[in-house]
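Everything below concerns the one structure shown next.
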Amino acid sequence: MTAIDPDDHTVDELTAALETIDDADELQSVLEAERAGQDRATAREAIHRKLEEIAPASDAESDAVEGDTEPEGEDEETKADVDDDAERTDGDDAEADDAETEPGEEDGEDPGEDDVLSHPTRDKQHVRALEDGDYADMWIFCETQGGELLDVSREMLGKGRDLMDQFEADYGDQEAVVAFLMGDDCEALAEECIASGADVAVYHEDERLERFLHKPYTEIAAHMARGEGTVESTDWREYDEPRYILFPATNNGRDLSAKVQAELDSGLASDCSDLFIEESDVSNPVKTGEPGVKKTVEKVLHMKRPDFSGFEYSTILCLDNPNRDFHPQGCSVIPGSFDPMEPDADRDGLVVEHDMELADDWFRVGIAEHDRLEAGIDLTGHDVIVCLGRGIADAPTEGMELGLDLVDAFEDAALGITRGIVTSSYQFEGHVEAYSKEERQIGETGQVVAPDVYIAAGVSGAVQHKVGMDESDTIIAINTDPDARIRDFSDYFIHGDLFEVLPRLTEAIEAGETALEPEAVADGGEGDD
Amino acid sequence: MTDDHEHYEAVVVGCGPGGAAAAARLADHGVETLVLERGPEAGSKNVSGGLVYAEESAPYTLDDLFDGFREAATERPVTDYYIHNVAGNSVKTYDLTDLHEHDTDWCDSVLRRDMDSWLETRVHEKTSATGGGVLTNVRVNGLLRDHGEIVGVTCDELEPIEADLIVAADGVNSELARDAGLMDWAEPEEWFQGVKAVVDMAPDAIDDRFDIGPEEGAAHLFSGDLFEDVRGGGFLYTNADSLSIGTVFHLDSLVEQSAEPHELLDALLTHPLLAGWFKNEYHEREYAAKLVPDSKKVAHRRPYRDRLVLVGDAAGQMQAQGPIIKGMNHAVTAGALAADAFAITRGTADPAAAGRRYTTLLEDSGTMAKLRPRRYDLARTVGERDTVTNAVERVLASPIGSLAVGNPIADRLLQRAYNSPFLVSMLPDTKTGYISLPTLIAEEHGKTIHWESDIEPPTLEERIGDLTYDTDVGNPHIELRDESAAASGAAVTACPVSARDFGGGCYRSEAVTTNGTEETLVSLDTQPCVECGTCAIVADTEWEHPRGGKGVEYREG
Ligand SMILES: Cc1cc2nc3c(=O)[nH]c(=O)nc-3n(C[C@H](O)[C@H](O)[C@H](O)COP(=O)(O)OP(=O)(O)OC[C@H]3O[C@@H](n4cnc5c(N)ncnc54)[C@H](O)[C@@H]3O)c2cc1C
Ligand SMILES: Cc1cc2nc3c(=O)[nH]c(=O)nc-3n(C[C@H](O)[C@H](O)[C@H](O)COP(=O)(O)OP(=O)(O)OC[C@H]3O[C@@H](n4cnc5c(N)ncnc54)[C@H](O)[C@@H]3O)c2cc1C
Ligand code: SF4
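For the record, the sequence lines run as chains Y and L.
If you count the first sequence from 1, position 413 lands on 451 in the working numbering, and the numbers rise without skipping.
If you count the second sequence from 1, position 387 lands on 963 in the working numbering, and the numbers rise without skipping.
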């Protein structure tokens, strides 16, 4: 990434050129290059000045940390960690990064006279910065929400699958796609990860992990990645840390990615939209150890991210230094960047329950209350949905009343409508008008429901409506048009005028008889959609 | 106020052929150029019939500006060119190859998603080299002004951007041209509406059924009574492995006749003439529609204001004369000329210098003369006046008319007349040109086709269901200002995805009783909208494009 070769510049030019660099590591490499070259005191000073200038804003930890600087929520803590001073003692701070790992090997650089930034890990005594470690596999953090995998988790698994298949083709080594996830109930989700492309799925279950909490999530993730834990839960692997690691660039994923990569003492390319694995020629002396020498590094994850203005891409590489490794090569991935693979329940894979004691201390910060922001009415979870469509056009208010009467006749029912009603110019009277709003729309751009019984009155059954209701157990349609499309996917089709049929249905339900007179009922034919 | 805005030397709005040409040429001149495109990819919003012309007389063509354009981005070169005059099952066909080849260096069929996305990649390469690039999913929503002077653009997705040159290449219904007060969207007679279906056909079936080689292509035009009294015609172009079949009608005529555009298209698709090509197989890949301006009436003579220049459809530079439809090529010429004008005048203190020079270049290159032929202005004054038309119509209907058209000499003359660019450009756009004359020709000269078509085109509901939408839920881009039938009722039929008695379209007319009195109101749902622009003109709306990336996404175009 080094843009400037100080040898090409006078000190004045260099000072000007440095203005364009905001990245500590890049400055660091300019400094190294200057030392290796002319080693001018004034030039070194200029670089130090610039380093000081950017010090507070810069995430100093590694090579590839790209300023994911907008702190979201608890993200501030990440910063606090970085700025933590070296005096901190082990374990006296619940937020500390330094819980349980072995006492640190210093990273081999001489701690001499420079400011703290030249020693990215000096303030983290206990972080195990590896040198010449063993790395393998692509790890993917599969985020969940409400007991389901996020789409982006599947997208990353699909991409990971492609990348590692290609990896095998290119290098002849078979390395795995490893999904890792945590939550209160996630064994089944781990199986889903296998179906979606993973070879191994490592999960940690604990009821306290129902929602994202970054202290325990970070601790568990780092523990998993380092292969710590019982022999049974780790004997499937033989390496120090993952070669590659992907996180989703969601609010939680961004948060976790920064923490975990800091914990593993590596770098992070945030918000990436494309990935590929390729060799890379490197001439930066910080990386090669010898100025003027070009080296080829194999199996480098190229992480492309749109830069600030969005129409240029930077490709970020996370490369080892001679005396200090930067692995796993990690990034966060913008949701929607990749295609998931078609899930295949027959795929073979290894599901591993991770084993680790979770310290109570990690849960000092908890979630007291939560709310899912969702507009208005929730039509899901009812036994019965009565849905009205434009068949009520002749007397919209009356139609709505009849629909509501039927809803009331059931124990647990709710009223839904088609988009055709939402966007109509029907003049509803005040007492039913509230029922004509978008929040009750069922379909592709409304809610998706799957009740035991779905009663569609005056609904034509457009495909965009169908996708919101065809998982319902029993579908009953009332329509004056015997050729209405909804007939194709109804279990019962009542050929008739809803203004007559609805009151009779209501009456029948209230009277406790569910059968209508046979001549009015035509079987719509099962499931030929 | 100006200091804190991002600044580029040039901002180009829209990455269709006009914007692509402007941006590429600006980059060639070393100008730092930012291109903003509202679609998720260039071409995802665009529709054309599909013939790109390279005119011998044009200062710029697409392959001049983009190396390898024809190999990479077009479907087939047009080698055969016919017009069919239709009266019932009777069809008279003329070979128009001579007319087609007049001033034509080459002419290829294209599909816009492929073509424009290819252009986008090239434009991005070129503009990145001079410090800019293409940004998709960004909709420009207006002009940035400083003390009343246009200095930049504002967007839904980005902070305002300033530029020394602003190129509005945002196509028909240009929001920038409207904002600048250069174009209004008032008169239906200034527009055509084009509707099109892309239909699957295997390459060898195309070669076989159209009697062409794999490196050849056919273009067929249709006129006559296929479309009842609606003024316009149809086209069929061969692509590599599909056909583009469509209709182009005068919008005022569509409105007057309350015609349903999809039914007009279906009338063409199901005509026995086409059955011979389909062989009873019909799979429609995509249904699409878009307005096109009529350059004869609206090509702006001074398409600039301050630092803003209009190019392509945004400036009304869409030439439809008789059977020829030329919009893309003129957009390319105009875009490149606007770029040249900026390069020549760069550094001049007067912000409008580029626009003024661009206007001169349009004139000097002969482009304006093609767009607004003086001959047409003269012919129109008599030809289009109803009384005269009616008189001509009456003559044609009389035995004398038939006699005149029906004799063998007339047939040869007609062939020659259709092939004369001069005569074609004189055909005024009235019923006589489009329907009466062709119908009469077919009746008198035509061969009768004896087979029937069994093709069943998809319904509107199916067509909408097959399109891809990224709906901006809760954020409709069109609002009805007046829901009375008088103000907006025309859209119920004229909107290509709406129809009488169809509840699933954008516009629906509804009988509503308020306090005991019944009236007919129009309601609007923008979700099925294909952003064609029709209702911006024929209904009383607050009309904008959806924000970046939202709305319909064409796969073929
Ligand atoms: C059915 C039909 C048949 C046709 N047949 C032919 C033919 O055979 N030959 C021919 O030459 N021409 C034909 N045309 C006309 C031709 O398609 C147009 O003249 C041509 O596309 C104009 O090019 P343009 O670059 O000016 O605009 P467009 O191609 O329309 O491009 C405008 C671009 O700007 C973008 N945009 C619009 N608004 C904004 C905004 N606010 N912010 C950001 N981006 C925006 C759009 O997404 C689009 O990419 C046909 C048109 C139709 C509808
Ligand atoms: C991108 C997109 C997204 C969409 N998303 C949704 C969505 O999320 N949800 C949704 O619902 N729609 C959605 N739509 C709209 C959808 O395509 C249909 O237009 C809509 O569902 C039609 O509503 P409807 O069935 O009420 O009206 P219509 O299609 O007009 O049907 C009315 C029906 O009532 C029958 N009928 C008439 N009178 C009577 C009577 N007296 N008694 C009984 N029956 C009678 C008629 O025979 C007819 O079948 C979307 C469309 C698009 C393009
Ligand atoms: S709503 Fe308007 S812009 Fe949209 S498809 Fe219909 S006529 Fe065209």
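By construction, the Cβ of each residue, glycine as well, lies at the ideal position given by its N, Cα and C atoms.
The structure displayed is predicted, hence computed values, not measured ones.
The beta-bridge partner set that DSSP reports for L:S666 consists of L:A663 and L:T1024. Every unbroken stretch of the beta strand (DSSP E) spanning 3 or more residues and falling wholly within the stretch 764 to 795 of chain L is given here in chain order: 767 to 776. In the DSSP assignment, the residues bridged to Y:L219 are Y:Y241. At least one heavy atom of ligand 1 lies less than 6 Å from the C-beta of L:C591. Annotation: the continuous alpha helix (DSSP H) that includes L:E839 extends over P837 to L845. Proximity of chain L to Y:A495 at the Cβ level (cut-off 9 Å) is not reached, the minimal Cβ distance being about 14 Å.
Taking C-alpha positions only, L:S820 is separated from Y:G185 by approximately 47 Å. One finds S1099, L1100 and D1101 in chain L with Cβ atoms closer than 7 Å to the Cβ of Y:T461, taken in chain order.
Chain order gives the chain Y residues near L:V1049 as T483, where near means a beta carbon separation below 7 Å.
Within the DSSP bridge table, the entry for Y:P286 names Y:V371 as partners. Residues of the stretch 831 to 864 of chain L whose Cβ lies closer than 7 Å to any Cβ of chain Y: none.
Chain L places a beta carbon closer than 7 Å to that of Y:G458, counting this residue as a contact. In the same chain as Y:L536, and ignoring 5 residues on each side of it, the C-beta atoms closer than 6 Å to its own belong to G429, A495, G496 and I516, in chain order. Across the structure, L:D1046 and L:P1052 are spaced so that their CA atoms are roughly 12 Å apart. Taking 6 Å as the cut-off, the C-beta of L:V771 does not count as close to any heavy atom of ligand 3. Taking CB atoms only, Y:A71 has no neighbour in chain L less than 7 Å away. When C-alpha distances from L:R1131 are compared across L:C1071, L:L1043 and L:A1087, the shortest belongs to L:L1043. Not a single heavy atom of ligand 1 lies less than 6 Å from the C-beta of L:S685. The closest CA to that of Y:Q479, considering only Y:I415, Y:I513 and Y:H469, is found on Y:I415. Between the stretch 735 to 750 of chain L and the stretch 908 to 921 of chain L, the count of Cβ pairs shorter than 8 Å is three or higher; the stretches touch.
By the C-beta criterion, the stretch 836 to 852 of chain L is judged not to be in contact with the stretch 694 to 709 of chain L, since fewer than 3 inter-stretch pairs fall below 8 Å. Secondary structure of Y:Y277 (DSSP, three-state): coil.
Residue pairing by DSSP places Y:H533 opposite Y:N517 in a beta bridge. The beta carbon of Y:A472 sits no closer than 7 Å to any beta carbon of chain L. Distances between the C-beta of L:R1039 and the heavy atoms of ligand 2 are all 6 Å or more. Between L:D692 and L:A600, the C-beta gap is not smaller than 7 Å, which leaves the two residues out of contact. Look at the stretch 698 to 765 of chain L and you find these whole runs of beta strand (DSSP E), each 3 residues long or longer: 709 to 711, 716 to 722, 725 to 731 and 737 to 744. About 20 Å separates the Cβ atoms of L:L758 and L:R614, ruling out a contact at the 8 Å cut-off.
Chain order gives no chain L residues near Y:R410, where near means a beta carbon separation below 8 Å; the closest approach is about 17 Å.
The beta carbon of L:T1090 falls within 7 Å of a beta carbon belonging to chain Y, placing the residue at that interface. Shortest Cα-Cα distance from L:V699 to any of L:D746, L:P593 and L:N622 involves L:P593. Its chain contains D421, V422, D511 and T512 as the residues whose beta carbon lies nearer than 7 Å to that of Y:D490, once the 5 sequence neighbours on both sides are disregarded; these appear in chain order. Look at L:D656 here: in three-state DSSP terms it is strand. Contact annotation: in the stretch 499 to 511 of chain Y, residues whose CB is within less than 8 Å of a CB in chain L are A500, V501 and Q502. Contact of L:G1079 with chain Y by beta-carbon distance below 7 Å involves R428, G458 and S498. For a Cβ distance threshold of 7 Å, residue set E1086 of chain L lies close to Y:A431, ordered along the chain.
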